[in-house]
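Peer 1: Under the UniProt record's numbering, residues 1 to 431 are what the sequence shown spells out, in order. For every residue, glycine included, the Cβ atom is placed at its ideal position computed from N, Cα and C.
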Amino acid sequence: MSFRITNSMLSVNYLRNVKRNMNNMQTLQNQLASGKEINKASDNPYVASRSMQLNAEISYNKQYDENIKDTSNWLDTTDTALSQMGNIFGRIETLLVNAGNGTYGDDEKSAIKDEIKEKVNELSQVLNTSFDGSYIFGGTKTNSKPTTVVDGKLEYADKDGNSMNVYKQSNGTITTSATTANTSYTLTASDITLLNSELNNTTSPPSDARKTEINTLISAGVGASEYKSADGTITTSATSTNTQVGLTMADVTSLKNELNNTASPPNSARKNEINNILTQATPLTQINSSLEVDITQGVKSIYNKTAVDVLEFKDKNGKSINVSDLLSNIITDLGANGSSSNLITNDLNDIQSVTTNLLQKRSEVGTMQNRMDSAQTNNEAQNYNMTDILSKTDDIDFANKTMEYAMMQTVYTASLQTSAKILPMTILNYL
Numbered sequence: 001m002s003f004r005i006t007n008s009m010l011s012v013n014y015l016r017n018v019k020r021n022m023n024n025m026q027t028l029q030n031q032l033a034s035g036k037e038i039n040k041a042s043d044n045p046y047v048a049s050r051s052m053q054l055n056a057e058i059s060y061n062k063q064y065d066e067n068i069k070d071t072s073n074w075l076d077t078t079d080t081a082l083s084q085m086g087n088i089f090g091r092i093e094t095l096l097v098n099a100g101n102g103t104y105g106d107d108e109k110s111a112i113k114d115e116i117k118e119k120v121n122e123l124s125q126v127l128n129t130s131f132d133g134s135y136i137f138g139g140t141k142t143n144s145k146p147t148t149v150v151d152g153k154l155e156y157a158d159k160d161g162n163s164m165n166v167y168k169q170s171n172g173t174i175t176t177s178a179t180t181a182n183t184s185y186t187l188t189a190s191d192i193t194l195l196n197s198e199l200n201n202t203t204s205p206p207s208d209a210r211k212t213e214i215n216t217l218i219s220a221g222v223g224a225s226e227y228k229s230a231d232g233t234i235t236t237s238a239t240s241t242n243t244q245v246g247l248t249m250a251d252v253t254s255l256k257n258e259l260n261n262t263a264s265p266p267n268s269a270r271k272n273e274i275n276n277i278l279t280q281a282t283p284l285t286q287i288n289s290s291l292e293v294d295i296t297q298g299v300k301s302i303y304n305k306t307a308v309d310v311l312e313f314k315d316k317n318g319k320s321i322n323v324s325d326l327l328s329n330i331i332t333d334l335g336a337n338g339s340s341s342n343l344i345t346n347d348l349n350d351i352q353s354v355t356t357n358l359l360q361k362r363s364e365v366g367t368m369q370n371r372m373d374s375a376q377t378n379n380e381a382q383n384y385n386m387t388d389i390l391s392k393t394d395d396i397d398f399a400n401k402t403m404e405y406a407m408m409q410t411v412y413t414a415s416l417q418t419s420a421k422i423l424p425m426t427i428l429n430y431l
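1) Tell me whether the beta-carbon of I88 lies closer than 7 Å to the beta-carbon of E122.
2) Could you tell me which whole alpha helix (DSSP H) segments of length 4 or greater appear in the region 118-177?
3) Given 6 Å as the limit, tell me if E273 has its C-beta closer than that to any heavy atom belonging to the ligand MN.
4) Might you give, ordered along the chain, the residues of its own chain that have their beta carbon closer than 6 Å to the beta carbon of T129, omitting 5 neighbours on each side?
5) Since N261 is in the beta strand (DSSP E), which residue starts that stretch and which ends it?
6) Locate the beta strand (DSSP E) running through E312, then write down its first and last residues.
7) Less than 8 Å between C-beta atoms, sequence neighbours within five positions excluded: which residues of the same chain meet that for T355?
8) Find the nearest neighbour of I174 within the set R270, K117, A414, I58, judged by alpha-carbon distance.
9) For V150, I'd like the list of residues in its chain whose CB is within less than 6 Å of its CB, leaving aside the five on either flank, ordered along the chain.
10) At the level of alpha carbons, what is the spacing between I331 and G161?
11) Under the DSSP definition of a beta bridge, which residues are partnered with S225?
12) Any chance you could list the beta strand (DSSP E) runs of at least 3 consecutive residues sitting entirely within the region 231-277, in chain order?
13) Below 8 Å on the Cβ atoms is my guess for I344 versus G105; work out the distance and round it to an integer in Å.
14) I think I287 touches A307, with their Cβ atoms under 8 Å apart; what is that distance to the nearest whole Å?
15) Here's the rule: buried if 16 or more other CB atoms are within 10 angstroms of the residue's CB, otherwise exposed. What is K62?
16) Are the CB atoms of T179 and T142 within a distance shorter than 7 Å?
17) Do you know offhand how far R210's Cα is from I192's?
18) Taking the beta carbon of N337 as the centre, do at least 16 other beta carbons fall within 10 Å, making it buried, or is it exposed?
19) Rounding to the nearest angstrom, what Cα-Cα distance links G172 and L255 in this structure?
20) Taking DSSP as the reference, what is the three-state secondary structure of I88?
21) On a CA-only basis, which of T140, N267, Q26 is nearest M408? Give me that one, please.
22) Could you give the residue range of the beta strand (DSSP E) that holds K300?
23) Leaving out five residues on either side along the sequence, give the residues of the same chain with a beta carbon under 6 Å from the beta carbon of D350.
24) Are the CB atoms of D309 and K361 nearer to each other than 7 Å?
25) Using the beta-carbon count (16 or more within 10 Å), is D392 buried or exposed?
26) Find out if the Cβ-Cβ distance for the pair Y14, T296 is shorter than 7 Å.
27) Inspect the beta-carbon positions of M386 and E57 and report whether they are closer than 7 Å.
28) What residues match up with D294 in a beta bridge as DSSP calls it?
29) Can the beta-carbon of N334 be found less than 7 Å from the beta-carbon of V323?
30) Give the straight-line distance between the Cα atoms of A224 and G232, rounded to the nearest whole angstrom.
31) Report yes if the C-beta distance between I274 and L259 is below 7 Å; otherwise report no.
32) Quick one: give me the first and last residue of the alpha helix (DSSP H) that A220 is part of.
33) So what does S320 bridge to, in DSSP terms?
34) Rounded to whole angstroms, what is the Cα-Cα separation between V411 and N21?
35) Between P206 and L199, what straight-line distance do the alpha-carbon atoms span, to the nearest angstrom?
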């Protein structure tokens, strides 16, 4: 079976082929001009999708690199601050050893006490160190300082920089009330015996005010109507004055345990009081929070130390140490009515535990720094590899494309020349 080839068919086929050659030349021209294999997704959907994915991963990787650099600088600042704290407590340790010298009089001890008070202020300043506008020991409460000094005592600060004050009963119960109602009580013979023992205690003698109260109770005798405080102390007062204290994380933990105690649950009034205190303690909970940073896809790393890490910890024997209370005790022991023996025993041992804790925290920071260094090395390697893959996927081989373009020019020129031979003559050839 044969087909008739017409002039129209020759013309249409010729024009179609010339157009295809021109399109191929245009594609090569665009590739040479842009340096890219594709210029729009329709050129090659698979390559376009792969290229977009690689570009996104490289962009994420660059952000991870910035995160790592910022975190490394943060950790350097943290390490410097911990080193400064170590120097502060090293000086306090030296002062305690000197104060324990039997030849030191009241004037020398007073001078040491004044210096330690300054060290308390200096410690607060270091704990309030900031980096890039954020307080490094403030946990997630990065916009306001984590500590303050009130009447010479170091305390945690709320969002406004003020101490988070509550009250503590004589039995250690945290409360919002400045006073506590005592229970009505009738004196017994055993109570009189205990009161006489307390009055004559030479190891831990009562204060003058307590001595006067004890004598009043003894004079009242068995059967007298008196009161008993929350810790069981017999007293003549219907109420007891509670001590104002700054909240600590140990207090917060104790309150949460009390609130969740199913064996002996608190009453409704106490639950409300605990919840009010815990709400007040929100800034402290924030101070004790960890900060995390993305260092690679799906991997987060904790990178901060908090004021709580420094001020509240357990020593090697499991003893709970509150640095703020410790410094206050040292200042008291250096006073006229203080215990000189405590300075070179309990106080000195606890200060040495503080120094040990700081060294441990510096070691942990060093471990974090090593992790950041390793993460940065891996990040740079990944970035190089992905950039190389993107180049192979997205970029053209200029030498090869130049040769292709030259060949396409030849093909296009040949197609124009061919037209003179394959297209039939028309009347126009004779004009």
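Peer 2: From the atom records:
1) yes
2) none
3) Ligands displayed in this structure: none; no statement on the ligand MN is therefore possible.
4) A81, I136
5) Note, N261: premise wrong, no beta strand (DSSP E); not H, not E.
6) Its beta strand (DSSP E) spans residues 312-314.
7) G86, F89, G90, E93, listed in sequence order.
8) Out of R270, K117, A414, I58, R270 has the C-alpha closest to the C-alpha of I174.
9) S163
10) 24 Å
11) T186
12) 239-241, 243-246
13) So it is not a contact: roughly 16 Å between Cβ atoms.
14) 6 Å
15) exposed
16) no
17) 15 Å
18) exposed
19) Their backbone Cα atoms lie some 11 Å apart in a straight line.
20) Three-state result, I88: helix.
21) Checking every option, the nearest Cα to that of M408 belongs to Q26.
22) 299-302
23) Within the same chain, D350 has close Cβ partners I321, L326.
24) yes
25) Correcting the residue identity first, residue 392 is Lys in this sequence and not Asp. By the 10 Å Cβ count, K392 comes out exposed.
26) When the beta-carbon positions are compared, Y14 and T296 stay at least 7 Å from each other.
27) Yes, the Cβ-Cβ distance between M386 and E57 is below 7 Å.
28) K300
29) Position check: residue 334 holds Leu in this sequence, whereas Asn was assumed. No, these two residues do not count as a Cβ contact at 7 Å.
30) 17 Å
31) yes
32) 208-220
33) K314
34) 7 Å
35) 7 Å
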